[in-house]
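A.B. asks: Handing you a structure now.
Chains as they are written, first to last, in our numbering: chain A, 1 to 351; chain B, 352 to 702; chain C, 703 to 1053.
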């Protein structure tokens, strides 16, 4: 959609400097934007592009000016730009609809204001609240709740009894509520422990494509409000993740781990079972976490095994020198050995 | 369901001490259990909770007693507790049923005692044995066999010609029999090598959500009896995994690897192609295995590259000291250099 | 299918030495092949098997001969063998067909020569070209294009607006065009940045089972012609991958990374955001890449963090010695300390 700078600024609650009647037709990063585009300046690293950008308008902090560039002023330009994007590219509004090609249990309760597309199955006792959108191929098990305005993309699976909050987004192929990985060894075999708990996804959570969240053995696996999980992440049974935590792709969290609020995990991190990750902790990509992480000890952790990030940086910097170090120590041993021998003979001579 | 301690103990083949008429209504870990709950004591670490637990009954080894706590006695309490869970939380019994919304080839053979739910496709020549349960969205390719009492959760895909044994459980989103990753480089391009082998899943295997098991190029990819594979695991073409092996989440096993029986792999392990992992080997989480692992050399392996676990523990313990070590060696070199110089001048003086 | 050696050689454009009337019925690796099988010799490591193989015929470079073994001569035996496999095991030819159990938007354009199986949904404005095959449960979003002869296996999801080229193969459970992982932090919460770009998959790409390729925030995520991606790989938003690049399983590529042509990445590699990987680079399995890789500096990289491969090999070789090294340095410090002390007292004595 197209919008005048003056109208856009008004919707965003911002003032602007420049041409209010300019028509904004799209958005792009500062170095790629062209005429008709809105862009933004958030990171000072990109300040140099203010002079050269071909964008028509920019969301920028106070003090940014350039001849011919209209500036929408914001103290938090990235957030303001994100809001502007929702105005420029609004989410498609779907009319409430239950496809005749869906299979909805007579015993389920589906709001008249929900969208249920083709080949969706909704099991007995399930509740789908108003504004919820279930794309084709979604499976909603028995007794599942899907809260208001939640979106489940094609082929998402929610096993029996799990609860999905409001405004939750779950991307294709994600699986919620599969059995936890629990077996009792007995006589050289593994006996399956029934996984009879559930999964609770709180409001405003987003879950990436292909991510798997196992149901608890007993009790709940829980993802806290506002937490964002990327693609292909594994969340094992009985894990509890706090609020507004961010977990990047391909990270794995073992059973019964407790992750606090506002934690940030990079990609491909692994966290061993039964640990606690304090609120506010950041874990660098590809780290292996073998024991609980205390925010008092360090806010940022990295490495395999994970150590305070600064120490990891020091270590990573010198790792390459280890083979040479070995040689140097060998040389030192040779020289010191000679010196000792000479001392020995000198002492002998002194005797 | 609810059951009296006396009846439960009888079904489990155990004796008990305490109140046989107590009604058990649920189960919980020892520190969380309340009245009406059964709990268990397996790990001595939790013995301290025996005094404080609010559980009504406990499965415990001989010798555990407490006033007011009924004890079901077992030499293998974790296994006995797991069996008790199946009694307390029996798997839902589904009546045989073939949904009119499924698409079953005229040429397929589906038992009258199987369950085939909505939107399932069963291809030509496929066989689905009695007791098998195919949840919505499952795809069964041509010529596939699904053995007795196997459960395929929603949206599982089994490509043409693969064979699934009896009592196999496959969780949502798992893919069995996709093409192996094989290409012949030619003229700067990659020419696809047809993957015309198959996958065989033996009896009593469990496969986690989102796990992918590629078909062999020629021959078979095989998962041995009783083996348990967690979520998001990659098993490449022509891999052979033995019996009663356990593989945790996000581990990847490259082409043509042979894994023995009773192997245990932690999460996020990577195994390079064409290796052999001996029976009984354990591999720590996040390890990278570049060469075959011999049980004679070590039972437990860890690290990148994987080394015997004890050595890895020693290494992990001192890694952080490496930057300081470099400084210390530099200081030694300085001091030893001075000593050498002095020796030189002393020798000069002696001349 | 069965074919005479003379006919096979002719189709392959190769000469042969031996029995042209021999009937080839299958194919197998050199050490497993039996009578009626074709095999190949590509790697000199396997040359020893030429004497013992029970295969009827072999594709081999010039100069390989053995009594009773028919040889099809090729300068590129692996590639020629791969072509022979396509002759022996031709891909099943499916008749054009649109299942009455599919849901095709009136507004979509589906070729009469395409195959659309049960429970496929094709959205408004989508185009499916001739020869394309959509297996059951595939979801084709609005405005998506699927090019000629492309194959999408069961339960593949292509979100709105993505473009799939010709002769592309996408395996089950792969997700194309899910939202990139982008949020603006604001007031202790994460505000979703609309992901309004798209994904372009060029011709002759293959994408593995369970792989996820996120749509761009703005602009395109692009996979170049002929590139092959294995299972469970994560490709984040705005990534650009060049032509004829190969990426093994469980690798993750963060947002806005540019990967060149003819790059090869091992399994479980992680690449941090906004980097450039030069054309021709190889990255060893399980490497962590924190900064751009220049082909001038090294063609092959490995390790966490990734360093030139030769240096990584040197490092990996000595890592185990680090704990001993510490002891040796401690011993050196002790001895050098003594030597210094003696020097001190000697100097005192000299005074």
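Cβ coordinates follow ideal geometry from the N, Cα and C atoms, glycine included. The structure presented is a predicted model; accordingly, all values stated were derived computationally and were not measured.
If the cut is a Cβ gap below 9 Å, which residues of chain A does residue 846/C touch?
C.D. replies: Residue mapping note: residue 846/C aligns to position 144 of the third chain, counting from 1. Under the 9 Å cutoff, chain A gives no residues; its nearest Cβ is about 12 Å from residue 846/C.
A.B. asks: Can you list, in chain order, the residues of its chain whose CB lies under 8 Å from that of residue 60/A, leaving out five sequence neighbours each side?
C.D. replies: Working through the first chain from its first residue, we reach residue 60/A at position 60. These residues qualify, in order along the chain: 40, 41, 50, 71, 72, 73, 74, 77.
A.B. asks: Between the segment 113-145 of chain A and chain B, which residues of the former have CB atoms less than 7 Å from a CB of the latter, in chain order?
C.D. replies: Per Cβ criterion, the list reads 119, 121, 137, 139.
A.B. asks: Who are the Cβ neighbours of residue 22/A in its own chain at under 8 Å, not counting the five residues just before and after it?
C.D. replies: Numbered from 1 along the first chain, position 22 holds the residue referred to as residue 22/A. Closer than 8 Å at Cβ, skipping near neighbours: 4, 5, 56, 57, 70.
A.B. asks: Return the CA-CA distance between residue 202/A and residue 662/B, expressed in angstroms with no decimal places.
C.D. replies: Taking the first chain and counting its residues from 1, the one referred to as residue 202/A is at position 202. Taking the second chain and counting its residues from 1, the one referred to as residue 662/B is at position 311. Near 43 Å, if we compare the C-alpha coordinates of residue 662/B and residue 202/A.
A.B. asks: How far does the alpha helix (DSSP H) with residue 85/A in it extend, from its first residue to its last?
C.D. replies: Residue 85/A sits at position 85 when you count from the first residue of the first chain. Run containing residue 85/A: 77-88, per the alpha helix (DSSP H) assignment.
A.B. asks: Could you compute how far the alpha carbon of residue 172/A sits from the alpha carbon of residue 155/A?
C.D. replies: For the purposes of this step, residue 172/A is taken as the residue at position 172 of the first chain. For the purposes of this step, residue 155/A is taken as the residue at position 155 of the first chain. Taking the straight line joining both Cα atoms gives about 6 Å.
A.B. asks: Measure the Cβ-Cβ separation of residue 1002/C and residue 1021/C and say whether it is below 8 Å.
C.D. replies: Sequence index remark: in the third chain, residue 1002/C carries index 300 (1-based). Sequence index remark: in the third chain, residue 1021/C carries index 319 (1-based). Not closer than 8 Å, so no.
A.B. asks: Counting Cβ pairs closer than 8 Å, one from the segment 538-556 of chain B and one from the segment 781-794 of chain C, do we hit at least three?
C.D. replies: Result yes; three or more Cβ-Cβ pairs closer than 8 Å.
A.B. asks: Along the chain, which unbroken stretches of the beta strand (DSSP E) at least 3 residues long are found entirely within the segment 8-74 of chain A?
C.D. replies: Segments of the beta strand (DSSP E) lying fully in the segment 8-74 of chain A: 37-40, 57-60, 70-73.
A.B. asks: For residue 586/B, decide whether its Cβ has a neighbour in chain A, counting only Cβ atoms nearer than 8 Å.
C.D. replies: In the second chain, counting from the first residue as 1, residue 586/B sits at position 235. Judged by the 8 Å Cβ criterion, residue 586/B is not in contact with chain A.
A.B. asks: Give me the Cα-Cα distance between residue 380/B and residue 419/B, rounded to the nearest whole angstrom.
C.D. replies: As a first step, residue 380/B must be located in the second chain, where it is residue number 29. As a first step, residue 419/B must be located in the second chain, where it is residue number 68. Rounded to the nearest angstrom, the two C-alpha atoms are 18 Å apart.
A.B. asks: Considering only the alpha carbon of each residue, which of 186/A, 214/A, 152/A, 115/A lies closest to residue 253/A?
C.D. replies: On the first chain, position 253 is the one that residue 253/A refers to. Taking only the C-alpha atoms, the option nearest residue 253/A is 214/A.
A.B. asks: With DSSP run on the structure shown, which of helix, strand or coil describes residue 819/C?
C.D. replies: What you label residue 819/C is simply residue 117 of the third chain in a count that begins at 1. Looking at residue 819/C - three-state DSSP - the assignment turns out to be coil, as it is neither helix nor strand.
A.B. asks: Can you tell me where the alpha helix (DSSP H) with residue 317/A in it begins and where it stops?
C.D. replies: Looking up residue 317/A in the first chain gives position 317. First-last of the alpha helix (DSSP H) with residue 317/A: 309-318.
A.B. asks: Residues of chain B with CB under 7 Å from residue 856/C, in chain order?
C.D. replies: Translated into the one-based positions of the third chain, residue 856/C becomes position 154. Within chain B, the residues near residue 856/C are 490, 508.
A.B. asks: Please decide whether residue 107/A counts as near chain B, where near means a Cβ-Cβ distance under 8 Å.
C.D. replies: Taking the first residue of the first chain as position 1, residue 107/A is located at position 107. Judged by the 8 Å Cβ criterion, residue 107/A is not in contact with chain B.
A.B. asks: Hey, could you find the ends of the beta strand (DSSP E) residue 211/A is sitting in?
C.D. replies: Counted from its first residue, the first chain places residue 211/A at position 211. Counting along the chain, residue 211/A falls outside any beta strand (DSSP E), and DSSP gives it neither H nor E.
A.B. asks: Here's the rule: buried if 16 or more other CB atoms are within 10 angstroms of the residue's CB, otherwise exposed. What is residue 685/B?
C.D. replies: As a working note, residue 685/B is residue 334 in the second chain. So residue 685/B ends up on the exposed side.
A.B. asks: Quickly, what does DSSP pair residue 240/A with across the bridge? List them, please.
C.D. replies: Translated into positions along the first chain, residue 240/A becomes position 240. For residue 240/A, which the question treats as bridged, DSSP gives the partners 222/A, 258/A.
A.B. asks: Can you give me the Cβ contacts of residue 382/B inside the same chain, cut-off strictly under 6 Å, excluding the 5 residues immediately before and after it?
C.D. replies: In the second chain, residue 382/B corresponds to position 31, counting from 1. Excluding sequence neighbours, residue 382/B sits near 400.
A.B. asks: For chain A, check one thing: does any of its Cβ atoms lie closer than 8 Å to the Cβ of residue 990/C?
C.D. replies: In the third chain, the residue the question calls residue 990/C occupies position 288. Yes - at least one Cβ of chain A is within 8 Å of the one on residue 990/C.
A.B. asks: Does any residue of chain A bring its CB to less than 8 Å from the CB of residue 687/B?
C.D. replies: Working through the second chain from its first residue, we reach residue 687/B at position 336. By this cut-off, residue 687/B is an interface position.
A.B. asks: Which term fits residue 163/A, buried or exposed, when burial requires 16 or more other beta carbons within 10 angstroms of its beta carbon?
C.D. replies: For this step, residue 163/A is matched to residue 163 along the first chain. By the 10 Å Cβ count, residue 163/A comes out buried.
A.B. asks: Evaluate residue 703/C with the Cβ neighbour count: other Cβ atoms within 10 Å of its Cβ, from every protein chain shown; 16 or more gives buried, anything less gives exposed.
C.D. replies: Numbered from its first residue, the third chain carries residue 703/C at position 1. Label assigned to residue 703/C: exposed.
A.B. asks: Does residue 109/A pass the burial test, meaning 16 or more other C-beta atoms within 10 Å, or should it be called exposed?
C.D. replies: Along the first chain, read from residue 1 onward, the residue named residue 109/A stands at position 109. Exposed: under 16 other Cβ atoms inside 10 Å.
A.B. asks: Indicate whether at least one CB of chain B lies closer than 8 Å to the CB of residue 874/C.
C.D. replies: Numbered from 1 along the third chain, position 172 holds the residue referred to as residue 874/C. Cβ-Cβ to chain B under 8 Å: yes for residue 874/C.
A.B. asks: Taking the CB atoms as reference points, tell me whether residue 740/C and residue 786/C lie closer together than 8 Å.
C.D. replies: Taking the third chain and counting its residues from 1, one reaches residue 740/C at position 38. Taking the third chain and counting its residues from 1, one reaches residue 786/C at position 84. Yes, the pair counts as a contact, with Cβ atoms nearer than the cut-off.
A.B. asks: With a threshold of 7 Å on Cβ separation, who are the neighbours of residue 365/B within its own chain once the five nearest residues in sequence on each side are excluded?
C.D. replies: For the purposes of this step, residue 365/B is identified with residue 14 of the second chain, where counting begins at 1. 423, 424, 425, 431, listed in sequence order.
A.B. asks: Tell me the DSSP secondary structure of residue 177/A in three-state form.
C.D. replies: Translated into the one-based positions of the first chain, residue 177/A becomes position 177. It is a strand residue.
A.B. asks: Determine the chain B residues that contact residue 1022/C at a beta-carbon separation under 8 Å, and present them in chain order.
C.D. replies: What you label residue 1022/C is simply residue 320 of the third chain in a count that begins at 1. Result: 658, 662, 666.
A.B. asks: Check for me: the beta strand (DSSP E) holding residue 886/C runs from which residue to which?
C.D. replies: On the third chain, residue 886/C is found 184 positions in, with the first residue counted as 1. Its beta strand (DSSP E) spans residues 885-888.
A.B. asks: Checking the sheet assignment: what are the DSSP bridge partners for residue 376/A?
C.D. replies: With chain A covering 1 to 351 only, the question about residue 376/A has no answer from this structure.
A.B. asks: So, helix, strand or coil for residue 935/C, using DSSP?
C.D. replies: The residue you call residue 935/C lines up with position 233 of the third chain. The answer is coil: DSSP assigns residue 935/C none of H, G, I, E or B.
A.B. asks: For residue 930/C, I'd like the list of residues in its chain whose CB is within less than 6 Å of its CB, leaving aside the five on either flank, ordered along the chain.
C.D. replies: Taking the third chain and counting its residues from 1, one reaches residue 930/C at position 228. Closer than 6 Å at the Cβ level, and outside the excluded window around residue 930/C, lie 908, 948.
A.B. asks: Strictly under 8 Å for the Cβ-Cβ distance: is residue 680/B near chain A by that measure?
C.D. replies: Translated into the one-based positions of the second chain, residue 680/B becomes position 329. At least one chain A Cβ lies under 8 Å of residue 680/B.
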